[in-house]
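Residue numbers (my numbering): 382 to 689. Glycine included, each C-beta is placed from N, C-alpha and C at the ideal position. Take a look at the structure set out below.
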């Protein structure tokens, strides 16, 4: 079994096991939410005999492998974080893909798909969502417009880094004399909080010899960077290639924003859990992959490609 297929097989197993475990706890305790510690204590025992490759996939400096499983399932909508460490089990939903194929998530049935966490189905479930309702996909123009509307000159930001975007790429600026009036930048500000240093990032405009800023939150940094690159006519690329497993490998120049990554994992398996640049998918998902990647303006290149 190849690395990709083993990873997806284990994801499918823990997804089904965790949801059934939650369902059992909810019935036993007569509740609709379960604290993560009840779940991780059981999952940790299973992980003691887990394949090292899958443990490496889950490895994180700050989180246990059992908690990373919960995070993975929550990000994909298989389970739902409801605050204060509690998770609930949402109803089955039918996600309609760009080409009108459908996948089911949050089902108590085992997913037998070899790639992707979504279980392919030909029937419509009670709750159906289009892929762009399941995940909000703001365009790059919408991202920039959002931050422009939030800009303010009432702040205490003194940037330690200034990132400039040009037709040649993105660069750190060292000389304030190079700033252009009314141009957009990303600023990094290291804020002291007690003995800790917190790195904050801001969408910024240099205007009338002062900074107007809006903080970049909620995982929007990568999407914002890509939006500012796109504004200068720059874009990232990807290509498809044959994989020894018989499936299709998606090769990215750079990692995806979280929104497209979530959609990709419905129908493809990531090589790494964090900042992956490779996925494995089935041939019948090629057009869906193209549609998903078009939302962040990636361009397909033909070198090394097997599909036009």
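Environment of residue i [buried if 16+ CB atoms lie within 10 Å]
{"i": "residue 687", "result": "With a pLDDT of only 47 at residue 687, under 50, the local geometry of the prediction cannot be trusted, and the value read off the model is given with reservation. Answer is exposed; the Cβ neighbour count stays below 16."}
{"i": "residue 487", "result": "buried"}
{"i": "residue 646", "result": "buried"}
{"i": "residue 444", "result": "exposed"}
{"i": "residue 675", "result": "exposed"}
{"i": "residue 459", "result": "buried"}
Distance cut-off 8 Å: residue i Cβ against heavy atoms of the ligand ADP
{"i": "residue 490", "result": "Of ligands this structure carries none, so the ligand ADP is not represented either."}
Residue i, DSSP secondary structure in three states
{"i": "residue 663", "result": "coil"}
{"i": "residue 448", "result": "helix"}
{"i": "residue 649", "result": "strand"}
{"i": "residue 686", "result": "Any answer about residue 686 is weak, because its pLDDT of 48 lies below 50 and its placement is not dependable; what the coordinates show is given next. If DSSP states are grouped into helix, strand and coil, residue 686 belongs with coil."}
{"i": "residue 507", "result": "coil"}
{"i": "residue 698", "result": "Beyond the ends of the chain as shown, which are 382 and 689, falls residue 698; an answer cannot be given."}
{"i": "residue 539", "result": "coil"}
{"i": "residue 516", "result": "coil"}
Whole-angstrom distance between residue j and residue i, CA atom to CA atom
{"i": "residue 517", "j": "residue 641", "result": "10 Å"}
{"i": "residue 561", "j": "residue 605", "result": "19 Å"}
{"i": "residue 473", "j": "residue 508", "result": "7 Å"}
{"i": "residue 689", "j": "residue 470", "result": "Below a pLDDT of 50, predicted positions are generally treated as unreliable, and residue 689, at 39, falls in that range; the measurement from the model is reported next regardless. Between residue 689 and residue 470, the C-alpha separation is close to 41 Å."}
{"i": "residue 607", "j": "residue 495", "result": "31 Å"}
{"i": "residue 615", "j": "residue 527", "result": "21 Å"}
{"i": "residue 589", "j": "residue 521", "result": "26 Å"}
{"i": "residue 665", "j": "residue 525", "result": "34 Å"}
Residues that residue i bridges to, as DSSP identifies them
{"i": "residue 522", "result": "Answer by DSSP bridge pairing: none, since residue 522 is not bridged."}
{"i": "residue 545", "result": "552 and 566"}
{"i": "residue 632", "result": "620 and 659"}
{"i": "residue 584", "result": "567 and 595"}
{"i": "residue 577", "result": "574"}
{"i": "residue 475", "result": "485 and 509"}
Distance CB(residue i)-CB(residue j) smaller than 9 Å
{"i": "residue 617", "j": "residue 680", "result": "yes"}
{"i": "residue 602", "j": "residue 582", "result": "yes"}
{"i": "residue 653", "j": "residue 438", "result": "yes"}
{"i": "residue 454", "j": "residue 399", "result": "yes"}
{"i": "residue 650", "j": "residue 392", "result": "yes"}
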